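Please read the structure below before turning to the comments.
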Amino acid sequence: MPRSLKHHGGWEHRDVHNLYGLLQQKSTYQGLLSRETVPKRPFVLSRSFYAGSHRYGAIWTGDKNANWEHLRMSVPMLLSCNISGMMFCGADIGGFFGNPPPDLLTRWYQLGIWYPFFRAHAQYSSERREPWVLGEPYVSYIRNAIRERYRMLPYWYTLFRETSITGILVLRPMWM
Numbered sequence: 002m003p004r005s006l007k008h009h010g011g012w013e014h015r016d017v018h019n020l021y022g023l024l025q026q027k028s029t030y031q032g033l034l035s036r037e038t039v040p041k042r043p044f045v046l047s048r049s050f051y052a053g054s055h056r057y058g059a060i061w062t063g064d065k066n067a068n069w070e071h072l073r074m075s076v077p078m079l080l081s082c083n084i085s086g087m088m089f090c091g092a093d094i095g096g097f098f099g100n101p102p103p104d105l106l107t108r109w110y111q112l113g114i115w116y117p118f119f120r121a122h123a124q125y126s127s128e129r130r131e132p133w134v135l136g137e138p139y140v141s142y143i144r145n146a147i148r149e150r151y152r153m154l155p156y157w158y159t160l161f162r163e164t165s166i167t168g169i170l171v172l173r174p175m176w177m
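Residue numbers (the working numbering): 2 to 177.
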């Protein structure tokens, strides 16, 4: 944007452009709250964030490819998000673009149950990838992984509660 463009208060765009993620999440969160007569906990999911965004919603790592490299990349990306203060984060199970083979999708589910934010998501033009479409033995492997996620919900709840009180990371690097 041209430097002559000024934001409210006379700010240049280059001084405030990184705030977009925070302001977008905050305004969405506040807008959802204002629609309710009884305060609830709105769910906001964004790919864009900035310091302080953790107060308003979850983030994900963005649209990744359905390949082994992007599966591997998800772990350091989520650790980096946690170190940056964004504890409620995840990656698209199976990747967003492309069609993962059954073994990759199964492994992604098995890893993804350990993401703070766990969801399967893909581009609309991707092939169907619901676990039951894959057939055996993959359905059983994925079912077992999802059941493990549900068994661990009290643990996840405790981690997030501890984070809200102390600020300690949900995903903790080895050096912590």
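Here a beta-carbon is modelled for each residue, glycine too, at the ideal position from N, C-alpha and C. Remember, predicted model here, so these are calculated numbers, not experimental data.
Judged by their CB atoms, isoleucine 114 and arginine 150 are nearer to each other than the 8 Å cut-off. The DSSP-derived three-state label of arginine 108 is helix.
For isoleucine 84, the enclosing alpha helix (DSSP H) covers residues 69-84. Beta-carbon to beta-carbon, glycine 99 and serine 75 are separated by about 15 Å, too far to satisfy the 8 Å threshold. Between the stretch 70-89 and the stretch 46-55 there are three or more inter-stretch CB-CB distances shorter than 8 Å, so the stretches are counted as touching. Shortest Cα-Cα distance from alanine 59 to any of Leu106, Phe119 and Pro103 involves Phe119. Cβ neighbours of asparagine 19 within its own chain (closer than 6 Å, five residues either side excluded): Tyr51.
CA-to-CA, the gap between glutamine 31 and lysine 41 works out to about 11 Å. Here the alpha carbon of methionine 2 sits roughly 9 Å from the alpha carbon of glutamate 13.
In chain order, Lys65, Asn66, Ala67, Asn68 and His71 place their CB closer than 7 Å to the CB of glycine 96, counting only its own chain and leaving out the 5 sequence neighbours on each side. Contact check for proline 101 and tryptophan 109: beta-carbon distance about 7 Å, within the 8 Å limit, so the pair qualifies. The beta carbon of glycine 22 lies closer than 7 Å to those of Ser47, Ser49, Phe50, Tyr51 and Ser54 in the same chain, with the five residues before and after it left out. Take lysine 27, set aside five residues on each side of it, and the residues of its chain with a beta-carbon closer than 7 Å to its own are Tyr57, in chain order. Sequence-distant Cβ neighbours of tyrosine 142 in its own chain, meaning closer than 8 Å and more than five residues away, are Thr107, Tyr110 and Gln111.
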